[in-house]
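Okay, so the sequence shown: first residue is 1 according to my numbering, each after it adds one.
We put the beta carbon where it would ideally sit given N, CA and C, even for glycine.
Being a predicted model, the structure only gives us computed values, none of them experimental.
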Amino acid sequence: MGKNDVAGLYFSISEMSDSFSVMDAVKKIDHSALYEHTSSHMGSVYRGRIESVFDAYKAWFIYMYEEGKHAILTAAIVHGDKQDKEIDFTPKVTNLRPNEAKTPNIDFDIVGRFSVYVMGDEDTDDIDNQLLSIDQELNGLTQVSKGEYELRGKFSHVTAYIEQVYAKLATSFDHFAIDLKYYTHSPKIDYHSERSQKKMGITTKASITTSPMTVNYMEVINQVLSKVDNSAVEAAMDDIATTYRGNQAAVFDVIKAYYLHSYKEEQYNAFVGTIRNSNTDQMNQKLLRVNQSAIEDIDFDVIARFSLFPLGIDQYHDVIQQARDEGKNRGLVIQDLDIYGTNLSGSVQDVMDFFEDVYELTATHTDQFAIEIIVKATSWMNHTTMDLSHD
């Protein structure tokens with residue numbers, strides 16, 4: 001294996017749990033085989049050989065499951081970073097999977113979703129058939145939409161499958177990203193909304209999850225869902241996410257309402273979403289922001305991250321940079337993570353409005369794109385100490 005055969009890997013883990021023992025789990029992980037690892041309130045970043053990165057994130061998830069914690073793993077595995085291609089990732093240790101023998105020998109059922117984003121003007125027509133053909137002992141691998149899949153099965157089988165997906169994609173494409181969302185213990189949502197019977201202009205789709213740090217998280221989620229007015233969108237809920245479909249303004253209105261209604265000053269709550277251009281119909285109806293009057297006076301400070309994936313065009317770097325520059329002009333950007341993401345800080349109203357403006361900006365360049373977002377209120381930081389140091 002050449003020294004850079006698996007270079008160009010960037011891995012982000014955003015930790016959500018009903019307890020800050022999540023950091024205790026992180027401290028158990030052996031990072032010796034990684035090229036780089038950092039942690040912050042927005043999550044952890046792992047860079048290195050593919051074997052070592054998968055080894056580290058799997059250990060983190062196993063430790064969280066062992067503790068019985070409600071947690072959502074959100075991760076982005078990115079292949080093709082130009083900067084990484086210039087780095088010698090020759091391992092400092094001989095064992096590329098140092099956590100494999102150290103983690104508890106347990107396996108468990110898992111539910112989640114993953115999306116594949118191939119950057120550039122590449123031919124991706126056969127990508128779904130290729131990924132669905134990988135033989136794994138899964139209870140279910142279901143295609144949700146082009147490039148988006150639902151996973152159900154044993155943790156060992158799911159992670160082995162994702163590693164094979166990465167290997168297969170790396171043989172065909174220069175730059176791609178795999179976005180993952182797993183639950184350690186999937187919440188059971190009791191609330192069900194009725195689908196709108198109106199003919200809507202479907203241009204936007206958003207799948208969102210929230211993770212309130214409380215043992216009563218299911219009750220909190222159901223209370224939030226009952227406050228959100230879904231009348232202008234199609235809404236569907238399952239044990240993975242809440243998905244809204246409708247015209248752009250209606251969808252952004254409802255996901256903003258979802259997060260603002262979930263806010264409690266002293267409670268940690270991570271809001272995670274995937275927003276896609278779902279250009280299946282023309283926008284033919286008045287833009288409806290039915291939640292706006294109920295949430296326009298709710299405001300609080302947040303930290304956030306967005307990752308933008310403009311697809312089907314060679315100039316995706318330029319589009320990402322335009323979005324980032326707009327965030328800088330508004331004073332929201334606090335950290336530039338190159339093409340993989342951008343960290344933000346500001347009022348929740350400003351940040352959520354910025355996400356919609358990024359959507360509009362990207363839509364002027366391509367009709368195929370996705371925005372991955374993570375938002376966390378900063379108020380809980382004033383009530384909790386969080387030791388981010390580890391070996």
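Could you check what DSSP says for Y117 in three-state terms: helix, strand or coil?
-> Here the question's residue 117 lines up with position 117 in the sequence shown. Note: Y117 maps to strand in three-state DSSP.
According to DSSP, residues forming a beta bridge with F306 = As a first step, residue 306 is located in the sequence shown; it is residue number 306 there, counting from the start. F306 is bridged to T342, I373.
What is the DSSP secondary structure of M42, reduced to helix, strand or coil?
-> Locating residue 42 in the sequence shown gives position 42, counting from the first residue. The answer is coil: DSSP assigns M42 none of H, G, I, E or B.
DSSP on S379, reduced to helix/strand/coil?
-> Numbered from 1 along the sequence shown, position 379 holds the residue referred to as residue 379. Looking at S379 - three-state DSSP - the assignment turns out to be helix.
Got a sec? Which residues, its chain only, sit under 6 Å from E194 by beta carbon, not counting five neighbours each side?
-> Taking the first residue of the sequence shown as 1, we reach residue 194 at position 194. Below a pLDDT of 50, predicted positions are generally treated as unreliable, and E194, at 41, falls in that range; the measurement from the model is reported next regardless. Hits under 6 Å: none found.
Ordered list of alpha helix (DSSP H) runs contained in the region 135–187, each at least 4 residues = 155–170
Mapping DSSP to helix, strand and coil, what is T362?
-> Residue 362 sits at position 362 when you count from the first residue of the sequence shown. Correct three-state label for T362: helix.
Measure the CB-CB distance between V233 and V251 and report whether it falls below 8 Å.
-> As a first step, residue 233 must be located in the sequence shown, where it is residue number 233. As a first step, residue 251 must be located in the sequence shown, where it is residue number 251. A contact, by the Cβ cut-off of 8 Å.
Determine the direct distance from the alpha carbon of F155 to that of D107, and round the result to whole angstroms.
-> Along the sequence shown, one-based indexing puts residue 107 at 107. Along the sequence shown, one-based indexing puts residue 155 at 155. Going from the Cα of D107 to the Cα of F155 covers about 6 Å.
Own chain, CB closer than 6 Å to V93, minus 5 neighbours either side, in chain order = Position 93 of the sequence shown, counted from the first residue, corresponds to residue 93. Cβ within range, chain order: S32, A33.
Rank I374, I29, D353, P310 by C-alpha distance to the C-alpha of H175 and give the top, closest one.
-> To locate residue 175, count along the sequence shown from 1; it is residue 175. The shortest C-alpha separation from H175 is found at P310.
Cβ atoms of A377 and V302: under 8 Å apart, would you say?
-> One-based indexing of the sequence shown puts residue 302 at position 302. One-based indexing of the sequence shown puts residue 377 at position 377. Result yes, Cβ atoms of V302 and A377 sit closer than 8 Å.
Counted within 10 angstroms of its Cβ, other Cβ atoms place T171 as buried (16 or more) or exposed | Locating residue 171 in the sequence shown gives position 171, where the first residue counts as 1. Exposed, by the Cβ-count rule.
Taking all protein chains shown into account, decide if K102 is buried (16 or more other Cβ within 10 angstroms of its Cβ) or exposed.
-> Taking the first residue of the sequence shown as 1, we reach residue 102 at position 102. So K102 counts as exposed.
Determine the direct distance from the alpha carbon of G153 to that of L131, and round the result to whole angstroms.
-> What you label residue 131 is simply residue 131 of the sequence shown in a count that begins at 1. What you label residue 153 is simply residue 153 of the sequence shown in a count that begins at 1. The alpha-carbon atoms of L131 and G153 are separated by roughly 16 Å.
Throw me the rounded Cβ distance for the V53 and S39 pair, which I believe falls under 8 Å.
-> Against the sequence shown, residue 53 aligns to sequence position 53. Against the sequence shown, residue 39 aligns to sequence position 39. About 15 Å; that fails the 8 Å criterion.
Pick helix, strand or coil for G327, following the three-state DSSP scheme.
-> Numbered from its first residue, the sequence shown carries residue 327 at position 327. Helix at G327.
Residue from K28, N105, T362 with nearest C-alpha to T204 = Locating residue 204 in the sequence shown gives position 204, counting from the first residue. Checking every option, the nearest Cα to that of T204 belongs to T362.
Where does Q349 fall in DSSP's three states?
-> Along the sequence shown, read from residue 1 onward, the residue named residue 349 stands at position 349. Q349: helix per DSSP, three-state reduction.
Less than 8 Å separating the beta-carbons of S262 and T210?
-> For the purposes of this step, residue 262 is identified with residue 262 of the sequence shown, where counting begins at 1. For the purposes of this step, residue 210 is identified with residue 210 of the sequence shown, where counting begins at 1. Going by C-beta atoms, S262 is nearer than 8 Å to T210.
Per DSSP, which one or two residues make a beta bridge with A206?
-> For this step, residue 206 is matched to residue 206 along the sequence shown. Answer by DSSP bridge pairing, in chain order: Y244, I275.
Minimum C-alpha distance to T242 - residue among I255, S231, I178 = Taking the sequence shown and counting its residues from 1, the one referred to as residue 242 is at position 242. Minimum Cα distance to T242 is reached at I255.
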